[in-house]
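Engineer: Residue numbers (numbering that gives the first Met the number 0): 0 to 131.
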Amino acid sequence: MEQWLFFGIALFAVIRIMADQFSRIFSFPGLHSNPPRLVLLTRNSQKNVEWVIRSYCQRRRLAGRPSEILCLDTGSTDDTPLILQRLQRRYPSLEVLPYTAASTGWDRETEPESTGGGTALVLDLRNDNGNR
Numbered sequence: 000m001e002q003w004l005f006f007g008i009a010l011f012a013v014i015r016i017m018a019d020q021f022s023r024i025f026s027f028p029g030l031h032s033n034p035p036r037l038v039l040l041t042r043n044s045q046k047n048v049e050w051v052i053r054s055y056c057q058r059r060r061l062a063g064r065p066s067e068i069l070c071l072d073t074g075s076t077d078d079t080p081l082i083l084q085r086l087q088r089r090y091p092s093l094e095v096l097p098y099t100a101a102s103t104g105w106d107r108e109t110e111p112e113s114t115g116g117g118t119a120l121v122l123d124l125r126n127d128n129g130n131r
């Protein structure tokens with residue numbers, strides 16, 4: 000019985016080492032050097048913004064990769080800004096820029112921090128309530 004247990008553990012270790020080696024051989028260098036930034040466009044998105052942010056951060060954390068989120072709030076009148084403030088305390092990599100016509104915040108001329116040449120994933124969560 001002990002031999003089968005030892006054989007199983009040894010087989011698992013060999014397969015794991017080989018899988019890691021194949022992963023290193025066939026992966027492209029620098030593929031994850033700049034993590035993709037998730038850009039969220041929100042307006043009255045209280046129903047799904049928290050779920051999207053939490054699930055994205057959780058998946059990135061489980062993969063061992065950093066998460067970087069930029070949220071552009073385009074004039075929410077519901078609880079979306081309060082939810083984003085609460086999530087900012089939980090996830091420091093979350094950057095929230097409210098859309099304002101004033102000089103503070105996102106005024107369509109101010110650009111957020113650069114991703115350093117990385118990719119950006121844009122997700123539009125704006126809820127127009129059928130006003131299209």
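Note that beta-carbon positions come from the ideal geometry of N, C-alpha and C, so glycine has one too.
All of these numbers come straight from a predicted model, not from anything done at the bench.
Hey, how far is the Cα of Leu-93 from the Cα of Asn-47?
Structural biologist: Numbered from 1 along the sequence shown, position 94 holds the residue referred to as residue 93. Numbered from 1 along the sequence shown, position 48 holds the residue referred to as residue 47. Their Cα atoms are separated by approximately 16 Å.
Engineer: Following the continuous beta strand (DSSP E) through Thr-41, name the residue where it begins and the one where it ends.
Structural biologist: For the purposes of this step, residue 41 is identified with residue 42 of the sequence shown, where counting begins at 1. First-last of the beta strand (DSSP E) with Thr-41: 36-41.
Engineer: Can you look up Ala-119 in the DSSP assignment and give me helix, strand or coil?
Structural biologist: Residue numbering aside, residue 119 sits at position 120 when the sequence shown is read from its first letter. DSSP places Ala-119 in strand when its eight states are reduced to three.
Engineer: If you run the structure through DSSP and keep just helix, strand and coil, what is Leu-93?
Structural biologist: Within the sequence shown, residue 93 is the residue found at index 94, counting from 1. Looking at Leu-93 - three-state DSSP - the assignment turns out to be strand.
Engineer: How big is the Cα-Cα spacing for Glu-49 and Thr-79?
Structural biologist: If you number the sequence shown from 1, residue 49 lands on position 50. If you number the sequence shown from 1, residue 79 lands on position 80. Between Glu-49 and Thr-79, the C-alpha separation is close to 9 Å.
Engineer: To the nearest angstrom, how far is it from the Cα of Gln-57 to the Cα of Pro-91?
Structural biologist: Residue 57 sits at position 58 when you count from the first residue of the sequence shown. Residue 91 sits at position 92 when you count from the first residue of the sequence shown. Computed Cα separation, rounded: 14 Å.
Engineer: Who does Glu-67 pair with in a DSSP beta bridge?
Structural biologist: To locate residue 67, count along the sequence shown from 1; it is residue 68. DSSP, once it has assigned bridges, lists Arg-36 as partnering Glu-67.
Engineer: Kindly indicate the opening and closing residues of the alpha helix (DSSP H) around Ser-44.
Structural biologist: Reading the sequence shown from its first residue, position 45 is the one you call residue 44. No residue range can be given for Ser-44, since it is assigned to no alpha helix (DSSP H) and is classified by DSSP as neither H nor E.
Engineer: In this structure, how does DSSP classify Asp-72 when only helix, strand and coil are distinguished?
Structural biologist: As a position in the sequence shown, residue 72 is number 73, starting the count at 1. Correct three-state label for Asp-72: strand.
Engineer: Since Val-95 and Leu-83 should fall inside the 8 Å C-beta cutoff, what is the C-beta to C-beta distance between them, to a whole number of angstroms?
Structural biologist: Locating residue 95 in the sequence shown gives position 96, counting from the first residue. Locating residue 83 in the sequence shown gives position 84, counting from the first residue. Between Leu-83 and Val-95 the Cβ distance is about 5 Å, and since that is below 8 Å, they are a contact.
Engineer: Please determine, among Asp-72, Leu-71, Tyr-55, the residue with the shortest C-alpha to C-alpha distance to Pro-65.
Structural biologist: Translated into the one-based positions of the sequence shown, residue 65 becomes position 66. Checked all of Asp-72, Leu-71, Tyr-55; the closest Cα to Pro-65 is Tyr-55.
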